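> Please see the structure below; I have some questions.
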Amino acid sequence: MQEAKNQPGFTDQSLIRNFCIIAHIDHGKSTVADRILQLSGIVPKREMHDRFLDRMDIEQERGITIKSQAVRLPWVKDGVEYTLGMIDTPGHVDFTYEVSRALEACEGAVLLVDATQGIEAQTLSNLYMALEDDLTIIPVLNKIDLPSAEPDKHAEEIANLIGCSTDEVLRVSGKTGEGIRELVDRIVDRIPAPKGDPKAPARALIFDSVYDSYRGIVTYIRMVDGELKERQKIRMMGRGTVHDPIELGVISPDMTPTKALGAGEVGYVITGVKDVSQSKVGDTVTTEANPAKEPLPGYQDPQPMVYSGLFPIDNAQFPELRDALDKLKLNDAALVYEPETSVALGFGFRCGFLGLLHMEIVTERLSREFGMDLIATAPNVTYQVTMEDGSEHTVTNPSEFPDGKVRQILEPVVSADIITPKEFIGPVMELCQDHRGQMGTMEYLSPERVEMHYRMPLAEIVFDFFDQLKSRTKGYASLDYQPDGTQSADLVKVDILIQGEKIDAFSAIVHKDKAYAYGVMMTKKLRKLIPRQQFEIPIQAAIGSRIIARETISALRKDVLAKCYGGDITRKRKLLEKQKAGKKRMKMLGHVEVPQEAFIAALSTGQAQDRDTKDKIRAAAKKEG
Amino acid sequence: MGSYQVYIHVPFCMRRCGYCDFNTYTARDLGGGASREHYADLAIQEMRMVRDWQTSRGLIEPPVSTIFFGGGTPTILPAQDLVRMVEAVADLWGLSPEAEITTEANPDTVDRAYLEQLLRGGINRVSFGMQSAVPSVLATLDRTHTPANVTTDVAAAKDLGLRASVDLIYGTPGERLEDWRTSLQAALDLGVDHVSAYALTLEPTTKMGRAVRRGQLPAPDDDDEATKYEMADDMLSQAGLYWYEISNWARPGQESRHNLGYWHNVDWAGIGPGAHSHYRALEGQDTGMALVEEAQKSEPIPSVSPGFRATGKAAAQEADPGARWWLSPEPGLEERHARAIRSWDIAHPRDWAAAMDDGRVPWQDAELLGWRQDLEETVMLALRLPEGLGLDRLTRLAGRPVDPKILKDLVDQGLLLPVGDRIQVTRRGRLLNDLVIDQVLEAVGIR
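First to last, the sequence lines map onto chains A and B. FYI, my numbering numbers position 481 of the first sequence as 481, with every residue one higher than the one before it. FYI, my numbering numbers position 271 of the second sequence as 1271, with every residue one higher than the one before it.
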């Protein structure tokens, strides 16, 4: 194990290399990062658990990286000790903005591609972002130990994309460690050292911020100019607030306090402030004594694309939900929320997300890290509705959809890039057409793989598009999309009525052609999910006052246990008590008892369509002509 | 109120029926002396021990008003064994002069001579497990008797002057409405004065439960059972048998007094493996807790299953030393004492016998019924009966007024009928009895 000699705060910029790794999910980024940590000697082998950098449970379980982490590690080459700042980045389409944050803190990027799969759409768009930022790219093929690896083919693909020779594409295996040493040596050779001004007033970019229940807010910073010293008052330039830092430090690989952080270094600062709004990602940190004049460019906050209502199953948990969202918001600028009231679900928050995965991850973190029991309503995009009377409405929630005559509805559109092996071109085209996609161009990345360009309504993508894309291409296709304006569309609001009462949580804004499908699917789902009660329960779907689908839950006629003698009484009483306890988890919609599970299941996006459902949709559509 | 009755469980059968999850065994000898041959002796031993325990606790019961032999198949034992057990009850507790003494009987285990012996020994009522008059239905139920057995047995019983009842089951997989009508008509044609009709309840652990789960048999259907219940109620009441409990119909005066005792929540001693006992005579005393503690403190029997040991549910429930078990969680109520205790015997005959060998009342465990449990049970049981529940009694038991709105809803939905100061279930309320019970409890604040 090497001893690190370059001390934080006293490391010459020429010895520093800051880089990140751009890769698609499952292309082995975390394994490669772990391997680098291990070779650097800062993680003893026995403590090396897989994916050291992915700290959140969900990340470990799903095998994806959500929040970037920044590790400082030593690396000796030709007798010189260098200091590397390795910033981990997420790979999923929803987290593009976090990638962009990581890129801002680096001078170079490792482009890591699975040698069995080739480059994916998301990686490509991150690569373009890195190129735009003038980052030095080091192309690498991973998983060369696998028999199905085709390094030659994919090296050519990459070489074509970034304009290098195929020889420059490194070949490594995170699993066996092969080629990793060469990769880090290449990082030291190729990636430029930071070029900040060490003499200037301090300027550090906040590129991440997390809440730790013991330590308060931990703010990750990349020093650009000057230096920060412990016990020196700092100023957040954007916020205009001043703090006494409790601790400065670096992650190596655990939090290690230091006396100072110098230009070019990556580290963290803890102010002890628990108010989450005090530490905004993208803000510039300077010193109170000698403040910088201009802040760093910072980031643009990403715009939420998808909205959903989050409601605590136990409404008493509402304040806890607010608190939990505040804490998540700290390092998740894309998360926006405001209080919402639903007749069916009570008090909750309307939340904006970057996409479906983002939504899933937020709800999962709320449940795991904060113990929240939640119901999420169906995801919704933002519509601009213009009425005949000229009034305009922004609708992120079906319940905001105005009554009356609509002149025009604008929906958000994205340009979508799909990379797929060529044998799936047909199925992909069919899928995109089903989702109202308009085809643009199509390019061959290599003889086997194509990139297809579509313009599609965002609403079509947020529902189940990605799952279907994966299933129709045996998992081979990848998707990336960017906002691309709006378009006018023929949309309607479908309401669901239980026993004649509109249930706001189940309303949806859908394209006219899909209204029947939604109505039939939802009424059928609810018929199965709501237990029979002592009266008949009609479940209807309606557009305005027009009923487009109907199911009926027949009345329950018998519930009584036939026998009740001496030996049955205890059992029967306990059963009764259990039923009473179960009822507490029921929501009353009018007279109808609906189990919480029914809301959750009805609002889940799975849309398996059996034959009966398809027949009913066809019949409903036909009847309406 | 104030009656005392004895239930005697006989846990033996010739074979186990596919739908049955009762505590019964087909082996003649279950080890540890628990054999059919010695069963009557063991049961009598338990009666003595229970009687001793009662005496030691100062628990004085009136003479026994009813005895009921249930099973299993009580008539698998020699008639003399049943008679000996009746005599033992009479010796130990006394028997009221007009006591009702019933045995269940499997139609293919009795004949006229057997019934005659029972009659001479004081047994005056026989409940035959007829189940169905349709051979295919009997086959699905694994019953070995034929409809002809039942006709002969009932005729013999009536001829001897025994009161006779038949049990029927509806909703057996594959049973058509016509089959059920046939069975009901056959029961009426027998001229019995009492019929019990039970919806088949599928227990997942039984052979039939497994067959349904595997899709080899169709699952019983609630709607079908509801239709069959209504058919039974129509046909039986037209024949002059009125319903006096959800699943029981009788000519006036021919009701099972023993079973009515359960629904009126009286005291009874349960004798035999798995049998439950219930004592309200403890009301107002602190002896209940002491008795549970003392039974639980005794050492468990090594090598055999629990006996009455401290890991029982009641023990866990009462383990909190600061909790005075009879206190209601809500202040303001006067009745603070456990109203009753319910205990249940060890289920396996071998371990049951071993516990007695060890000198102990062979209870598996017991629970104390506080005001809440007692209220729940009172409501749950009373609403099975046509006379229903008096609102003054309900208010007194609950210690709070009844929410009239909830009751009105039940009346509006055709589930309850207000009759004077009582609430009574309608036929629909019988079928949706669980719902009615739940709402009536809700009306007195039990949520």
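Even for Gly, the Cβ is constructed at its ideal location relative to N, Cα and C. Remember, it's a predicted structure, so these values are computed and weren't measured experimentally.
1) Of all Cβ atoms in chain B, is any one closer than 9 Å to the Cβ of Asp495(A)?
2) Classify Leu84(A) as helix, strand or coil using the three-state DSSP reduction.
3) Where does Ala581(A) sit, in a helix, a strand or coil, going by DSSP?
4) Report the neighbours of Gly567(A) on chain B: residues whose CB is nearer than 9 Å to its CB, in chain order.
5) From Ile496(A) to Leu603(A), what distance separates their C-alpha atoms?
6) Using 9 Å as the threshold, is the C-beta distance between Glu1245(B) and Ile569(A) below it?
7) Can you pull the chain C residues whose beta carbon is under 9 Å from the beta carbon of Gln579(A), in chain order?
8) Ends of the beta strand (DSSP E) at Gly1129(B)?
9) Verify the CB distance criterion: does Arg171(A) have a CB-CB separation below 9 Å to chain B?
10) How long is the line joining the alpha carbons of Arg1125(B) and Thr1075(B), rounded to whole angstroms?
11) Do the CB positions of Gly1072(B) and Tyr1114(B) come within less than 9 Å of each other?
12) Identify the contact partners of Arg627(A) in chain B, using a Cβ-Cβ distance below 7 Å as the criterion.
13) For Phe535(A), count neighbouring Cβ atoms within 10 angstroms of its own Cβ and tell me buried if that reaches 16, exposed if not.
14) Please say whether Gly500(A) and Gly590(A) have beta carbons closer to each other than 9 Å?
15) How big is the Cα-Cα spacing for Phe349(A) and Phe401(A)?
16) In chain B, which residues lie with their C-beta within 8 Å of the C-beta of Thr570(A)?
17) Pick from Pro1078(B), Gly1122(B), Glu1116(B): whose alpha carbon is nearest that of Thr1066(B)?
18) Quickly, what does DSSP pair Ala260(A) with across the bridge? List them, please.
19) Would you say Val976(B) and Leu1375(B) are within 9 Å of each other, going by their C-beta atoms?
20) Residues in its own chain within less than 6 Å of Leu146(A) by CB, not counting five upstream and five downstream?
21) Could you check whether the segment 336-348 of chain A touches the segment 410-422 of chain A, counting it as contact only if at least three pairs of C-beta atoms, one from each stretch, sit closer than 8 Å?
22) Identify the contact partners of Cys564(A) in chain B, using a Cβ-Cβ distance below 9 Å as the criterion.
23) Report the CB separation of Leu1200(B) from Tyr1170(B) in whole angstroms; it is logged as a contact under 8 Å.
24) Considering only DSSP beta bridges, list what Glu501(A) is partnered with.
25) I want to verify the contact list: residues of chain B whose CB lies under 8 Å from the CB of Val32(A), in sequence order.
26) Kindly say whether Ile1446(B), judged by its beta-carbon, lies nearer than 9 Å to any beta-carbon of chain A.
27) Thinking just about the alpha-carbon of each residue, which of Leu1410(B), Gly1420(B), Val1212(B), Arg1428(B) is nearest to the one in Asp1438(B)?
28) Determine the DSSP secondary structure at Cys1020(B), reduced to helix, strand or coil.
29) Taking the Cβ atom as the reference point for each residue, do Leu1385(B) and Trp1249(B) lie within a distance shorter than 9 Å?
30) Check whether the segment 1052-1064 of chain B and the segment 1074-1094 of chain B touch, using three or more Cβ-Cβ pairs below 8 Å as the test.
31) If you count every other CB in all the chains shown that lies within 10 Å of the CB of Tyr214(A), and 16 or more means buried, which is it?
32) Taking beta-carbon pairs under 7 Å, can you tell me which members of the segment 1402-1420 of chain B lie near chain A?
33) Classify Asp1234(B) as helix, strand or coil using the three-state DSSP reduction.
34) I'd like the list of long-range same chain contacts for Lys616(A), defined as Cβ closer than 6 Å, with 5 residues on each side in sequence excluded.
35) Using the C-alpha atoms, what's the distance from Gly1270(B) back to Asp997(B)?
36) Any beta carbon of chain A sitting closer than 9 Å to that of Asn1106(B)?
On the basis of the data shown:
1) Position 495 of the first sequence, counting from 1, holds the residue named residue 495(A). Cβ-Cβ to chain B under 9 Å: no for Asp495(A).
2) Numbered from 1 along the first sequence, position 84 holds the residue referred to as residue 84(A). Of the three classes helix, strand and coil, the one that applies to Leu84(A) here is strand, per DSSP.
3) On the first sequence, residue 581(A) is found 581 positions in, with the first residue counted as 1. Note: Ala581(A) maps to helix in three-state DSSP.
4) Taking the first residue of the first sequence as 1, we reach residue 567(A) at position 567. The answer, in chain order, is Tyr1007, His1009, Phe1022, Asn1023, Gly1070, Gly1270, Gly1274, Ala1275, His1276, Trp1344.
5) By 1-based counting over the first sequence, the position of residue 496(A) is 496. By 1-based counting over the first sequence, the position of residue 603(A) is 603. About 12 Å.
6) Position 245 of the second sequence, counted from the start, is the residue given in the question as residue 1245(B). Position 569 of the first sequence, counted from the start, is the residue given in the question as residue 569(A). No, they are not a contact pair.
7) Among the chains of the structure shown, chain C does not appear; the protein chains present are A and B.
8) Stepping through the second sequence from its first residue, residue 1129(B) is reached at position 129. Here the beta strand (DSSP E) through Gly1129(B) covers 1125-1131.
9) As a first step, residue 171(A) is located in the first sequence; it is residue number 171 there, counting from the start. Chain B, which has no Cβ nearer than 9 Å to the Cβ of Arg171(A), makes this no.
10) The count along the second sequence starts at 1 and reaches residue 1125(B) at position 125. The count along the second sequence starts at 1 and reaches residue 1075(B) at position 75. Approximately 13 Å between the Cα atoms of the pair.
11) Stepping through the second sequence from its first residue, residue 1072(B) is reached at position 72. Stepping through the second sequence from its first residue, residue 1114(B) is reached at position 114. Going by C-beta atoms, Gly1072(B) is not nearer than 9 Å to Tyr1114(B).
12) With chain A covering only 1 through 625, there is no way to say anything about residue 627(A).
13) As a position in the first sequence, residue 535(A) is number 535, starting the count at 1. With fewer than 16 Cβ atoms within 10 Å of its Cβ, Phe535(A) is classed as exposed.
14) On the first sequence, position 590 is the one that residue 590(A) refers to. On the first sequence, position 500 is the one that residue 500(A) refers to. In this structure, Gly500(A) lies closer than 9 Å to Gly590(A) by Cβ.
15) Taking the first sequence and counting its residues from 1, the one referred to as residue 349(A) is at position 349. Taking the first sequence and counting its residues from 1, the one referred to as residue 401(A) is at position 401. Taking the straight line joining both Cα atoms gives about 18 Å.
16) The residue given as residue 570(A) occupies position 570 in the first sequence. Under the 8 Å cutoff, chain B gives His1276, Arg1342, Trp1344, Glu1367.
17) Position 66 of the second sequence holds residue 1066(B). Per the Cα distances, Gly1122(B).
18) Here the question's residue 260(A) lines up with position 260 in the first sequence. The partner list for Ala260(A) (beta bridge, DSSP) reads Lys229(A).
19) No statement about residue 976(B) is possible, as the shown extent of chain B runs from 1001 to 1447 and does not include it.
20) In the first sequence, counting from the first residue as 1, residue 146(A) sits at position 146. The answer, listed in chain order, is Thr116.
21) no
22) In the first sequence, residue 564(A) corresponds to position 564, counting from 1. Chain B residues near Cys564(A): Glu1245, Ile1246, Ser1247, Tyr1262, Trp1263, Met1380, Leu1381, Arg1384.
23) Taking the first residue of the second sequence as 1, we reach residue 1200(B) at position 200. Taking the first residue of the second sequence as 1, we reach residue 1170(B) at position 170. Contact flag correct, Cβ pair sits at about 7 Å.
24) On the first sequence, position 501 is the one that residue 501(A) refers to. Ile498(A), per the DSSP bridge assignment.
25) If you number the first sequence from 1, residue 32(A) lands on position 32. Result: empty, since nearest Cβ-Cβ is about 49 Å, beyond 8 Å.
26) Here residue 1446(B) refers to the residue found at position 446 when the second sequence is read from its first residue. Interface residue, yes.
27) Here residue 1438(B) refers to the residue found at position 438 of the second sequence. Comparing Cα positions, the closest option is Leu1410(B).
28) Here residue 1020(B) corresponds to residue number 20 of the second sequence, with the count starting at 1. Coil at Cys1020(B), not helix or strand.
29) As a working note, residue 1385(B) is residue 385 in the second sequence. As a working note, residue 1249(B) is residue 249 in the second sequence. The answer is no: Cβ separation not under 9 Å.
30) yes
31) As a position in the first sequence, residue 214(A) is number 214, starting the count at 1. Answer is exposed; the Cβ neighbour count stays below 16.
32) Gln1413
33) Position 234 of the second sequence holds residue 1234(B). Three-state DSSP puts Asp1234(B) in a helix.
34) Here residue 616(A) refers to the residue found at position 616 of the first sequence. For Lys616(A), where only same-chain residues beyond five positions count, the Cβ hits under 6 Å are Val520.
35) Residue 997(B) lies beyond the range of chain B shown here (1001 to 1447); nothing can be said about it.
36) One-based indexing of the second sequence puts residue 1106(B) at position 106. No, Asn1106(B) does not count as interfacial toward chain A.
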